[in-house]
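With the working numbering, the residue at position 252 of the sequence shown is 334, and numbering never jumps. Built from N, CA and C at the ideal position, the CB exists for glycine as well. Contents: one structure, followed by commentary.
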Amino acid sequence: MIKTDILIIGAGPTGLFTVFEAGLLKLKTHLIDALPQPGGQCSEIYPKKPIYDIPAFPEILAGDLVNNLMEQIKPFEPGFTLGERAETLDKLEDGSFIVTTNKGTRHHAPVVVVAGGLGSFEPRKPPISNIKDFEDKGVAYIVKDPEVYRNKKVVIAGGGDSALDWAIFLADVAAEVSLVHRRNEFRGALDSVEKASELAKLGKIQLFTEAEVTELHGKDHLEAVVVKHNDVKKGQTYLEVDNFIPLFGLSPKLGPIGDWGFEIEKNAIKVNNAYDYQTNIPGVYAIGDVNTYPGKLKLILSGFHEAAVMCQSAYQRIHPGKRYVMKYTTVGGVEGFDGSKKEAKKEVVQSILV
83 MIKTDILIIG
93 AGPTGLFTVF
103 EAGLLKLKTH
113 LIDALPQPGG
123 QCSEIYPKKP
133 IYDIPAFPEI
143 LAGDLVNNLM
153 EQIKPFEPGF
163 TLGERAETLD
173 KLEDGSFIVT
183 TNKGTRHHAP
193 VVVVAGGLGS
203 FEPRKPPISN
213 IKDFEDKGVA
223 YIVKDPEVYR
233 NKKVVIAGGG
243 DSALDWAIFL
253 ADVAAEVSLV
263 HRRNEFRGAL
273 DSVEKASELA
283 KLGKIQLFTE
293 AEVTELHGKD
303 HLEAVVVKHN
313 DVKKGQTYLE
323 VDNFIPLFGL
333 SPKLGPIGDW
343 GFEIEKNAIK
353 VNNAYDYQTN
363 IPGVYAIGDV
373 NTYPGKLKLI
383 LSGFHEAAVM
393 CQSAYQRIHP
403 GKRYVMKYTT
413 VGGVEGFDGS
423 KKEAKKEVVQ
433 SILV
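See the structure below:
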């Protein structure tokens with residue numbers, strides 16, 4: 083039996099930052115994740131994808147963000163159960179919980195936090211009859227390492243942020259990049275749409291709108307795709323390619339967590355955002371993309387905020403009636419459980435006190 087103060091389901095960025103906020107309150111944490119390494123989608127799906135909305139980082143790769151978070155929480159010595167999926171939740175008479183994984187590992191904690199991002203997920207695949215024949219043979223639904231596509235001919239399909247971002251990024255990596263979208267208007271950020279359009283004008287991206295990839299051809303590896311245009315006069319375009327990347331998003335599923343008795347709305351867990359992001363089960367919280375409430379923004383930044391607020395509530399639940407005086411880390415520094423402490427710089431403290 084693994085015992086801890088706060089049991090965190092999900093080791094993505096929000097789950098990892100929860101370790102830091104709990105550590106400041108001297109609360110021990112343990113994380114469960116079905117993936118074999120921490121980081122969630124940032125590690126598994128797009129470690130090399132740049133992220134632009136993390137404060138103080140004009141741009142940071144998703145994998146680097148995870149590495150930084152792991153370094154940040156190191157003083158608090160969190161435990162990890164990786165490669166196992168949280169399967170069941172049982173509430174004990176004293177109000178604490180037992181969470182058991184699909185491999186039988188049992189965890190005991192007075193507070194459980196679901197920080198599972200989108201839950202389990204599967205890529206949405208285009209309706210091309212032989213697409214499975216080329217999976218891992220030129221067809222991929224996520225970009226893990228952009229270097230795989232260096233000096234290759236790549237076709238990307240999709241009209242959202244991922245399709246636009248990777249088309250822009252790979253324009254400087256691949257020999258040829260073609261972006262295919264079934265509509266004329268893109269759903270992604272306006273800045274990304276403008277960048278893609280500019281690269282198309284410069285000849286660095288072939289842009290096919292009001293069109294879709296309908297056929298894949300090749301023997302042992304993908305060799306070509308057929309782009310069918312909505313305009314019958316344009317007919318079809320045959321493109322010799324090395325790689326096809328359809329980016330139509332992920333189909334999220336809560337998995338076993340969806341059977342734990344939560345109030346569910348549109349495949350997300352409803353929480354009380356007026357106070358502490360607690361679910362309808364007292365002592366169980368949900369933070370990050372997995373939760374929903376009026377005005378919810380599915381941003382890593384939002385998950386960080388929710389983690390900080392949730393930990394304050396968890397402290398009161400674990401230590402009822404005990405008063406905690408919050409101190410800014412710039413004043414108090416950060417002390418790990420081993421007694422080591424990163425002291426705040428004296429000049430910073432002085433500037434605050436003045």
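query: Whose CA, out of Asp135, Phe102, Pro120, lies closest to the CA of Lys380?
result: Ranking Asp135, Phe102, Pro120 by Cα distance to Lys380 puts Asp135 first.
query: Cα-Cα, which of Val353, Ala390, Glu276 is closest to Tyr375?
result: Val353
query: If you run the structure through DSSP and keep just helix, strand and coil, what is Tyr128?
result: coil
Under 8 Å between C-beta atoms of Ile327 and Ile238: yes
message: Using only the alpha-carbon positions, how far apart do Leu174 and Lys131 sit?
response: 42 Å
- prompt: Should Asn325 and Val236 be called a contact, given that it needs their Cβ atoms to be closer than 8 Å?
  reply: yes
- prompt: Would you call Gly365 buried or exposed, if buried means 16 or more other Cβ atoms sit within 10 Å of its Cβ?
  reply: buried
Range covered by the alpha helix (DSSP H) that runs through Ile400: 382-400
- prompt: Thinking C-alpha only, which one of Ala368, Gly403, Arg405, Gly377 is nearest Glu388?
  reply: Ala368
- prompt: Excluding the five sequence neighbours on either side, which residues of its own chain have a C-beta within less than 8 Å of the C-beta of Val118, listed in chain order?
  reply: In the sequence as displayed, the identity of residue 118 is Pro instead of Val. Around Pro118: Leu164, Gly165.
- prompt: So Ile400 packs on Leu109, CB below 8 Å; how close in whole Å?
  reply: 7 Å
task: Using the Cα positions of Pro338 and Cys124, report the straight-line distance between them to the nearest angstrom.
output: 22 Å
- prompt: Using DSSP with H/G/I as helix, E/B as strand and the rest coil, what is Ile213?
  reply: helix
At least three beta-carbon pairs within less than 8 Å, the stretch 284-300 to the stretch 257-269: yes
- prompt: For Val323, which of Leu304, Gly331, Lys335, Val314 has the nearest alpha-carbon?
  reply: Leu304
- request: Just tell me which of Ser244, Ala257, Asp302, Lys301 has its CA closest to the CA of Val275.
  value: Ser244
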